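Below you'll find the structure, written out as structure tokens, and then a few comments.
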Amino acid sequence: MNVFRLLGDMSHLLAILILLLKMWKTRSCAGISGKTQILFALVFTTRYLDLFSSFISIYNTTMKLFFIASSYFTIFLMYSKFKATYDSNHDSFRMEFLVVPVGGLAFLVNHEFLPLEILWTFSIYLESVAILPQLFMVSKTGEAETITSHYLFALGSYRLLYIFNWVYRYYFDGFFDLIAVVAGCVQTILYCDFFYLYITKVLKGKKLSLPA
Amino acid sequence: IEIISTKDEL
């Protein structure tokens, strides 16, 4: 575990906590894409099936369990408890446009043609694009609450920090996972436009709004 | 380059 990896994980954890706190305090999930949250639950579920097959550390197991549990809890809040505040009209991105191609790619390009390995690969590919319904929603409404932009910034920073972690691991541990690195770069690139808006607007105290 | 997978990550 290097400092980039730890900061990445903490950023990911922070993002989830910001999202839960926003929903809990405001009793609302307005501006949040339920599609993205469903995709994240699918990502965590397919990736962390190794909870049953291998043990890495208490830290690793705890984080995995938290990510899985929080993703399903978020879905429960959005589609049940705070359903009335869910902005489904603006959450119109079609999940199958992501899940189907990503599933096909996971079958074709993977480290080993084994069920768990294919599911792991699927989760890595799916995570890289899972934010698209959320970004689509922000662009459709043309704005995002400040707390939502903090959530997105923390979530985007996590994979960027993981890239530094992979560079570090490559040089110091001779460690390299092409699938994770390529998908991680794609994932980070998708946030670039948002990062720019966050730095130029939100950090200067303005609300994130897109030009009409 | 030898490719090792990152299963110890989250």
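In the order they appear, the protein sequences are chains S and U. Okay, so the first sequence: first residue is 1 according to this note's numbering, each after it adds one. Okay, so the second sequence: first residue is 1 according to this note's numbering, each after it adds one. Ideal Cβ positions, reconstructed from N, Cα and C, are used throughout, including at glycine. Note that the coordinates shown come from a computational prediction; the quantities given were computed from them, not determined experimentally.
A residue is called buried once 16 or more other Cβ atoms fall within 10 Å of its Cβ, and K22 of chain S is buried on that count. If you look at D9 of chain S, you'll find it in the alpha helix (DSSP H) that goes V3 to T26. G142 of chain S and Y125 of chain S have their C-alpha atoms roughly 27 Å apart. In this model, Y158 of chain S and G8 of chain S are separated by some 4 Å (Cα to Cα). At a cut-off of 8 Å, the C-beta of R5 of chain S has a neighbouring C-beta in chain U. For L98 of chain S, the closest alpha carbon among the candidates S:F82, S:Y151, S:I118 and S:T36 is that of S:T36. For S71 of chain S and F44 of chain S, the gap between their C-alpha atoms comes out near 8 Å. The Cβ atoms of Y191 of chain S and G156 of chain S sit closer than 8 Å to each other. Taking the C-beta atoms as reference points, S139 of chain S is found no nearer than 8 Å to L39 of chain S.
Taking 8 Å as the cut-off between beta carbons, the residues of the region 67-79 of chain S near chain U are F67, in sequence order.
Annotated three-state conformation of S33 of chain S is coil, per DSSP.
In the structure shown, L208 of chain S adopts extended strand secondary structure according to DSSP, grouped into three states. Among the bridge pairs identified by DSSP, A84 of chain S is matched with none. For the region 17-33 of chain S, the beta-carbon criterion of a distance under 9 Å to any beta-carbon of chain U is satisfied by none of its residues. Segment contact: the region 23-33 of chain S against the region 51-62 of chain S, fewer than three CB-CB distances shorter than 8 Å; contact not assigned.
In the DSSP annotation of this structure, M78 of chain S is not part of any alpha helix (DSSP H), being labelled neither H nor E. Counting along the chain, I131 of chain S sits inside no alpha helix (DSSP H), nor does DSSP assign it H or E at all.
The residues S128, in chain order, have a CB closer than 6 Å to that of V186 of chain S in the same chain once the five nearest residues on each side in sequence are set aside.
A Cβ-Cβ separation of about 26 Å leaves L51 of chain S out of contact with Y151 of chain S under the 8 Å criterion.
Cβ proximity to chain U below 8 Å picks out F175, F176, D177, L178, I179 and A180 from the region 175-201 of chain S. For the pair L116 of chain S and F107 of chain S, the Cα-to-Cα distance works out to about 11 Å. Remark: C-beta atoms of R47 of chain S and N165 of chain S do not approach each other more closely than 8 Å.
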